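Numbering (the numbering used here), first residue to last: 2 to 748.
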Amino acid sequence: MQKKQKIDFQNVINRIAIQLENPVLLKDYANIDNNLINLLRENPSITCLVVTDNKGKSLSIATRTSRDQKPEVIYNRVPAECSLEDMPTDVADIKKENFTGRALISNRDIQLGTLTGHSLGSGDDRKNLRNIELVLFSAFGTIFIPTFGALALTSRNQLKREKEKLSKISSLIDDLEEAQLRTRSAFEGTNDGWWEWEISNDRSILSLKMRMLLEISASTTALMQQHQPSEANEWWKQFIAPEDHRRFRKFLNNVSNQTCNLETNSTIGTEIKAVKTRSKKECFLKIEAVVTEAINQKPSVVALVANDITREKEQQKSIQHLAFHDTLTGLMNRSAFEEEISRSTKGLLRKEYRLAVFMIDVDNFKFLNDSHGHTTGDQFLIEFANRLKSCVRPTDFLARLGGDEFVIITRFPMEDSSLVMERVKAMGEKLLLRLTHPYQLEACRSNNTCSIGICLDSPNSESASTLLDKADIALYKAKEIGRNRYFIYEKGMASAIMSKANTSEKLRDMIETGETGLLLQPIVELSGGNALSHHPTVVGHEALFRCPALKKPIPYLIECAEESGIIGLLTTSILDNIKSKIKEQSPGNKTYISINISPLQFLEPNFPDTFTRNLEDRSINPGLIRIEITETALLQDLQTTKTHMSKLKDHGVSFYLDDFGTGYSSIELLRKLPFSCLKLDRSYTKNLNKESGSELVKSIIDMSKAFNMFLIGEGVETFEQKRILESLGCEYAQGYLFNADGSCRQN
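Spelled out as structure tokens, the structure:
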């Protein structure tokens, strides 16, 4: 038994000699001293360890006189029990109960020195053999770059398997060195930074990549390794953003307090924002902690690997921005709006505030976009969005829902309803004032206005989505009554809108099934005929759309057709009926037919081509067609109106200015545009029996003649009106007085 113990102790000395190879090779005397002291401290049965160089000169001597004495390094004579004189190279007896061992320290067959050790005879030597091996492995690792993860585990398992095969330990250490160098090269060859954290003394060794990543100087790194235990885990504050201090401290606590298993070697990770020490630039790091050394299943040494994920974070931020922002205007988009609706509803139901929704739509934007191109349209929307931004508060929510549709959600304090309503109206006025100024774009100057629908929550606390629906209805009403205004939702409006939608749907169905009709109202010649005749000469007809089955006023039906996008379908049905009426006329007695075209349709970019193609498809002579347009079209876009009139006139179509006297047409406009006739609005005809009324009509008749145009008096319903018009010099008239069937109206 004693012989076996002696052999075991010699094996310990052999292992120690191998582990001391590198300090001796590097002449790292301080590290040799520290290793020997630590080994004596951890192994009370060893009383003396001596390291000499290859010439026999003592490099380090660590000793103690008894098991309980504190070990120390001495620099004088070698203790007798560790003397090299006359000592055999393997095992020697000094006292029966003591053991002495010696081993060579070499590197690839080159002798560097000798290790001699003396131990009291104790069964603890074999028990402590594994502990000594682990201590030396840790000491070895502090000289070179530490191994990580599976490599460390593999190294330990290899050492354990080879502990009875001393002849292979040297080769194992060489392999370990090579593996460590490969690990270092692998890490240095990536963009990852890393540092080793010794938890007990809070010392950190940072890699070059880590120092470069965080712009940490070498002097700062040296100071980090001098921290006292009271400063544990706090050196990192210099580069981690303050808002992440708490998170990172919690992460380090989780790492240091975990119960670890080196065989599974699991990792703990976190993400933090860091600030580079010199440039103060922000970066984002993904940090993973790998336990490389543990004592009693608690981490003692941890490798922290930091991966720079700044680019990924920026990409995530960009994706997040794109997901919730409009790419053209930079405003929030529909997705963000839906989330805001959800948030606002919660606060609304808790009665935290009053809520108002503003729906904003650009008037006639489609025409601007179609006539001047999408680039001009985009320029307008960007400028429009910028003006909107200048109108809202930081607490307001502003979004572009799509196209030319925008929304504002604004919150007001819980106060008297009348005060909140005043605030809402003030904001509506502010928006109109700011948004209706002309827009100077690259291709043109735009005078587009906007319509605004507003809904304020009721005392019964509606959901925000319900407010949105009602604001949309109010917007519809604002457009219906003339655009360029705001309208606040009123109770009962929803049913009116639904009624209009139903009417539009029925109208479409009736047009498609051919259930609509046409009334040709005669246009008669007054001059040259018998003023009292009941049958004056008919020179033409105005085509009046009729749909008696719906029992709705014609202006209302036309409005429904415009707003539902079926005005083109309605015009096509009128042309189909005109084709039939013209066929009924005798070949030698063809009279012209005038047709009303809405400004919305007339200003469409392709209207001239579409209209002439429809005439051609129906074999209708363009010379028999008169297009009646109102002054509204002139005011919306004079240049487009002039261009379209010129194209159609080249095909033989003539133009009448309808409802003259109700708008703001200037004499200069009449001079520039190719009108052949003015149609006097029925309101003037109605007031002919008044002196002022007849004088005004007389001046209009004289003006038309000065422009070489003829004038048609509309709305003639009595012989007296016919007589006065004729006496004033009016040449033509129309109205229910002249209807061939005596029919009156579907207003």
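Glycine included, every Cβ here is placed at the ideal spot set by N, Cα and C.
This one's a predicted model, so the numbers in the text were calculated from it and none came from an experiment.
Minimum C-alpha distance to Thr-611 - residue among Thr-572, Asn-622, Asn-590 and Val-303
Taking the first residue of the sequence shown as position 1, residue 611 is located at position 610. Selected option, being the one with the closest Cα: Thr-572.
Closer than 7 Å by C-beta to Cys-731: which residues in its own chain qualify, once you throw out the five before and the five after it? Chain order, please.
Counting from 1 along the sequence shown, the entry for residue 731 is found at position 730. So the qualifying residues of the chain are Leu-527, Ile-702, Leu-712 and Gly-714.
Any contact of the stretch 537-554 with the stretch 474-486, i.e. 3+ C-beta pairs under 8 Å?
no
Continuous alpha helix (DSSP H) assignments of at least 4 residues falling wholly in the stretch 578-647
600-603, 608-618 and 632-637
Close-in-space but distant-in-sequence residues of the same chain around Val-540 (CB under 8 Å, 5 per side omitted):
Here residue 540 refers to the residue found at position 539 when the sequence shown is read from its first residue. Exclusion of the five residues before and after Val-540 leaves Ile-524, Val-525, Glu-526, Thr-592, Tyr-593 and Tyr-733 as the residues of its chain whose Cβ lies within less than 8 Å of its Cβ.
Can you tell me the Cα-Cα spacing of Asp-510 and Thr-504, whole angstroms?
Here residue 510 corresponds to residue number 509 of the sequence shown, with the count starting at 1. Here residue 504 corresponds to residue number 503 of the sequence shown, with the count starting at 1. So the two alpha carbons sit approximately 10 Å from each other.
By DSSP, does Ala-734 sit in helix, in strand, or in coil?
Walking along the sequence shown from the start, residue 734 turns up at place 733. Residue state, collapsed to three classes: strand.
Environment of Ile-296 [buried if 16+ CB atoms lie within 10 Å]:
Locating residue 296 in the sequence shown gives position 295, where the first residue counts as 1. Note on Ile-296: under 16 other CB atoms within 10 angstroms of its CB, so exposed under the neighbour-count rule.
Which residues in the same chain as Ile-217 place their Cβ atom closer than 6 Å to its Cβ, once the five residues preceding and following it in sequence are excluded?
For this step, residue 217 is matched to residue 216 along the sequence shown. Excluding positions up to five away in sequence, the list reads Thr-278.
Apply the 10 Å Cβ neighbour rule to Glu-197 and answer buried if 16 or more other Cβ atoms are within range, or exposed otherwise.
As a first step, residue 197 is located in the sequence shown; it is residue number 196 there, counting from the start. Buried, since its Cβ has 16 or more Cβ neighbours within 10 Å.
Whole runs of the alpha helix (DSSP H) within the stretch 421-509, excluding any shorter than 4 residues
465-481
Report the three-state DSSP secondary structure of Cys-548 (helix, strand or coil).
In the sequence shown, residue 548 corresponds to position 547, counting from 1. DSSP places Cys-548 in coil when its eight states are reduced to three.
For Cys-561, which residues of its own chain have a beta-carbon under 7 Å away from its beta-carbon, when the five flanking residues on both sides are left out?
By one-based count along the sequence shown, residue 561 stands at place 560. Within the same chain, Cys-561 has close Cβ partners Lys-501, Thr-504, Ser-505 and Leu-508.
Straight-line gap, Arg-247 to Lys-274 (C-alpha atoms, nearest Å):
By 1-based counting over the sequence shown, the position of residue 247 is 246. By 1-based counting over the sequence shown, the position of residue 274 is 273. Going from the Cα of Arg-247 to the Cα of Lys-274 covers about 12 Å.
Across the stretch 369-378 and the stretch 598-607, are there enough close Cβ pairs to call them in contact, namely three or more that are closer than 8 Å?
yes
Between which two residues does the beta strand (DSSP E) containing Glu-295 stretch?
In the sequence shown, the residue the question calls residue 295 occupies position 294. Here the sequence assigns Ala to residue 295, which means Glu is not the residue at that position. Here the beta strand (DSSP E) through Ala-295 covers 283-296.
From Lys-210 to Gly-194, what distance separates their C-alpha atoms?
Within the sequence shown, the letter at position 209 stands for residue 210. Within the sequence shown, the letter at position 193 stands for residue 194. Distance from the CA atom of Lys-210 to the CA atom of Gly-194, rounded to whole angstroms, is 5 Å.
Just reading off the alpha helix (DSSP H) that Met-704 is part of, what are its end residues?
In the sequence shown, counting from the first residue as 1, residue 704 sits at position 703. Note, Met-704: alpha helix (DSSP H), 692-707.
Put Lys-71 into one of helix, strand or coil per three-state DSSP.
To locate residue 71, count along the sequence shown from 1; it is residue 70. Here Lys-71 sits in coil by DSSP.
Need the endpoints of the beta strand (DSSP E) that Phe-661 sits in, please.
Your numbering for residue 661 matches position 660 in the sequence shown. Run containing Phe-661: 655-661, per the beta strand (DSSP E) assignment.
Which residues does DSSP pair with Val-714 in a beta bridge?
As a first step, residue 714 must be located in the sequence shown, where it is residue number 713. Reading off the sequence, residue 714 comes out as Gly, not Val. Answer is Leu-681 and Ala-734, bridged to Gly-714.
In angstroms, rounded to a whole number, what distance separates the CA positions of Ser-201 and Glu-294?
As a first step, residue 201 is located in the sequence shown; it is residue number 200 there, counting from the start. As a first step, residue 294 is located in the sequence shown; it is residue number 293 there, counting from the start. Spanning the alpha carbons of Ser-201 and Glu-294 requires a straight line of approximately 12 Å.
Give a yes or no on whether the C-beta atoms belonging to Leu-37 and Ala-63 are separated by under 8 Å.
Stepping through the sequence shown from its first residue, residue 37 is reached at position 36. Stepping through the sequence shown from its first residue, residue 63 is reached at position 62. Ala-63 is positioned such that its CB atom lies closer than 8 Å to that of Leu-37.
Contact between the stretch 352-366 and the stretch 408-426 (3+ Cβ pairs under 8 Å)
The stretch 352-366, when compared against the stretch 408-426, does touch it at the 8 Å Cβ threshold.
Compare the Cα-Cα distances from Ser-684 to each of Ser-677, Lys-673 and Asp-659 and report the closest residue.
Within the sequence shown, residue 684 is the residue found at index 683, counting from 1. Out of Ser-677, Lys-673 and Asp-659, Asp-659 has the C-alpha closest to the C-alpha of Ser-684.
Compute the distance between the beta-carbons of Arg-627 and Tyr-657, then report whether it is under 8 Å.
On the sequence shown, residue 627 is found 626 positions in, with the first residue counted as 1. On the sequence shown, residue 657 is found 656 positions in, with the first residue counted as 1. Contact flag set, yes.
For Lys-553, which residues from the same chain have a beta carbon less than 7 Å from its beta carbon, with the 5 sequence-adjacent residues on both sides left out?
If you number the sequence shown from 1, residue 553 lands on position 552. Cβ within range, chain order: Thr-504.
Evaluate the contact criterion for the stretch 278-291 versus the stretch 302-309: three or more CB pairs, one atom per stretch, below 8 Å.
Taking 8 Å as the limit for Cβ pairs, the verdict is that the stretch 302-309 does touch the stretch 278-291.
Quick check on His-542: does DSSP put it in helix, strand or coil?
Against the sequence shown, residue 542 aligns to sequence position 541. Three-state DSSP puts His-542 in a strand.
Since Val-74 and Gly-114 are thought to touch, with beta carbons under 8 Å apart, how far apart are those beta carbons, to the nearest angstrom?
The residue given as residue 74 occupies position 73 in the sequence shown. The residue given as residue 114 occupies position 113 in the sequence shown. Going by Cβ atoms, the distance from Val-74 to Gly-114 rounds to 16 Å, so no, they are not a contact pair.
Short check: CB of Asp-364 to CB of Cys-451, under 8 Å?
On the sequence shown, position 363 is the one that residue 364 refers to. On the sequence shown, position 450 is the one that residue 451 refers to. Yes, Cβ-Cβ distance for Asp-364 and Cys-451 is below 8 Å.
Tell me, which residues are paired with Lys-274 by DSSP?
Translated into positions along the sequence shown, residue 274 becomes position 273. In the DSSP output, where bridge partners are listed per residue, Lys-274 has Phe-285.
Of the residues Glu-564, Pro-80, Ile-598 and Leu-520, the one placed nearest Ile-583, counting alpha carbons only:
The count along the sequence shown starts at 1 and reaches residue 583 at position 582. For Ile-583, the nearest C-alpha among the options comes from Leu-520.
What's the call for Gly-378, buried or exposed, on a 16-neighbour Cβ count within 10 Å?
Residue numbering aside, residue 378 sits at position 377 when the sequence shown is read from its first letter. Buried, because 16 or more other Cβ atoms sit within 10 Å of the Cβ of Gly-378.
Could you compute how far the alpha carbon of Thr-631 sits from the alpha carbon of Ile-498?
In the sequence shown, counting from the first residue as 1, residue 631 sits at position 630. In the sequence shown, counting from the first residue as 1, residue 498 sits at position 497. Their Cα atoms are separated by approximately 26 Å.
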